[in-house]
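Residue numbers (full-length UniProt numbering): 1 to 358.
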């Protein structure tokens with residue numbers, strides 16, 4: 001016997017439950033679509049409202065991302081000016097272990113500007129997809145190294161350096177675009193379960209050991225001669241700070257949702273990790289800015305930071321399970337492009353090359 005059912009005008013609304021009968025079974029179904037082109041007026045109004053809200057949120061996130069790039073790019077220049085004034089005053093430089101910059105108003109202006117930029121960047125992720133927001137961080141590289149540093153600091157890149165900067169930004173953008181989106185983690189308990197995963201623990205321990213070797217063995221010998229030492233330290237530590245920020249963001253959201261997060265140990269552990277990682281990043285980034293050209297420091301820092309953070313995110317949230325062949329090839333291509341760009345920035349920085357010499 002064929003199945004049959006009876007629908008009334010009220011029971012045929014989207015989302016309604018109906019019962020389907022046949023000779024020997026009974027099935028409960030839910031209406032999820034309507035083939036009638038004349039949809040009810042309330043459904044049409046809801047779809048237009050959702051569409052408007054989605055587009056509005058996207059443009060708000062985009063605006064916050066542009067604002068974040070400008071603030072972060074400007075903050076590097078302000079902190080560099082503060083370090084230069086410290087050198088002019090004869091105080092102990094940051095690279096020699098001095099902390100005189102903490103008394104300089106220009107450096108604090110740069111620090112607060114960077115904090116405002118990071119807050120704007122955090123808000124941008126709440127309104128727009130990460131695959132749109134993250135590549136826009138490349139704008140801060142161009143703002144600081146290609147525009148503001150030449151105007152306010154008198155620094156300049158040769159032609160190959162500028163080309164390397166563009167290649168770095170392009171490679172990072174390609175890599176982030178093809179990187180898979182993060183798996184949704186909405187509670188502190190879910191975040192704690194992710195961080196207890198064996199793969200992430202091994203990755204975090206390897207990063208920590210590598211960073212400690214750089215800080216206590218490599219940096220004292222080669223830190224003042226090789227620009228990559230201090231930058232790699234900041235980038236590796238950045239993987240911990242970003243994970244801590246994401247976890248604390250989830251904690252704050254759960255707190256306002258009425259969940260008992262204050263009794264969970266993870267928020268306190270993440271707060272300690274964030275404090276230690278940020279203080280370490282600021283210390284070694286100041287050392288790099290104190291010695292090397294800003295137009296070199298910030299592009300290389302952006303490249304390594306983005307690469308390590310994306311890798312950490314993939315391992316923490318198991319994003320590689322959903323990667324297609326196209327995304328894998330795109331990610332590898334972006335990484336190779338980054339390596340080429342960093343090589344051009346680092347290898348040809350002292351070469352006298354300009355458009356007039358071509």
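Heads up, the beta-carbon is just placed ideally off N, CA and C, and yes, glycines get one too.
Identity of the residue in the options nearest residue i by Cα
i, options, result
"residue 191", "225, 166, 217 and 264", "264"
"residue 333", "109, 100, 72 and 173", "173"
"residue 59", "133, 82, 104 and 112", "133"
"residue 104", "115, 225, 91 and 272", "91"
"residue 347", "160, 207 and 309", "160"
"residue 303", "62, 165, 100 and 120", "165"
"residue 176", "342, 276, 340 and 330", "330"
"residue 122", "108, 62 and 99", "62"
"residue 195", "316, 224, 240 and 257", "316"
"residue 107", "283, 140, 222 and 227", "283"
"residue 185", "98, 80, 254 and 308", "254"
"residue 306", "140, 66 and 79", "140"
"residue 239", "308, 224 and 199", "308"
"residue 339", "228, 222, 73 and 223", "228"
Inter-residue Cα distance where the pair is residue i and residue j
i, j, result
"residue 156", "residue 299", "13 Å"
"residue 201", "residue 244", "14 Å"
"residue 218", "residue 261", "40 Å"
"residue 321", "residue 178", "14 Å"
"residue 246", "residue 204", "16 Å"
"residue 119", "residue 325", "35 Å"
"residue 313", "residue 251", "18 Å"
"residue 220", "residue 297", "19 Å"
"residue 344", "residue 352", "13 Å"
"residue 310", "residue 100", "34 Å"
"residue 163", "residue 208", "33 Å"
"residue 318", "residue 198", "12 Å"
"residue 380", "residue 79", "Lying outside 1 to 358, the shown extent of the chain, residue 380 is not represented and no answer is given."
"residue 56", "residue 67", "17 Å"
"residue 75", "residue 98", "20 Å"
"residue 193", "residue 335", "29 Å"
"residue 224", "residue 69", "28 Å"
"residue 257", "residue 226", "48 Å"
Secondary structure of residue i, DSSP reduced to three states
i, result
"residue 306", "helix"
"residue 259", "coil"
"residue 84", "helix"
"residue 220", "helix"
"residue 368", "A query on residue 368 cannot be resolved here, the shown segment of the chain reaching from 1 to 358 and no further."
"residue 277", "helix"
"residue 267", "helix"
"residue 104", "coil"
"residue 113", "helix"
"residue 171", "helix"
"residue 352", "coil"
"residue 192", "helix"
"residue 294", "helix"
"residue 253", "helix"
"residue 187", "coil"
"residue 62", "helix"
"residue 344", "helix"
"residue 93", "coil"
"residue 99", "coil"
"residue 312", "helix"
"residue 79", "helix"
"residue 246", "helix"
"residue 226", "coil"
"residue 154", "coil"
"residue 318", "coil"
Close Cβ partners of residue i (< 7 Å) along its chain, the five nearest in sequence each way excluded
i, result
"residue 361", "Lying before the first or after the last residue shown, residue 361 is absent from the chain, which here runs from 1 to 358."
"residue 337", "167, 170, 171 and 174"
"residue 211", "233, 236 and 237"
"residue 215", "233"
"residue 87", "93"
"residue 85", "104 and 106"
"residue 342", "168, 300 and 303"
Sequence-distant residues of its chain with Cβ nearer than 8 Å to residue i (five each side left out)
i, result
"residue 189", "264"
"residue 301", "231, 234, 235, 285 and 288"
"residue 248", "267, 270, 271 and 274"
"residue 77", "110, 144, 148, 149, 152, 153 and 294"
"residue 241", "273, 274, 277, 278 and 281"
"residue 259", "187 and 188"
"residue 89", "100"
"residue 213", "none"
Proximal residues to residue i (C-beta, below 6 Å), its chain only, five neighbours per side dropped
i, result
"residue 71", "113, 116 and 117"
"residue 222", "229"
"residue 64", "120, 123 and 124"
Residue-chain proximity (residue i, chain D), Cβ-Cβ < 7 Å
i, result
"residue 241", "The chain labelled as chain D is not found in the depicted structure, where only one protein chain is given."
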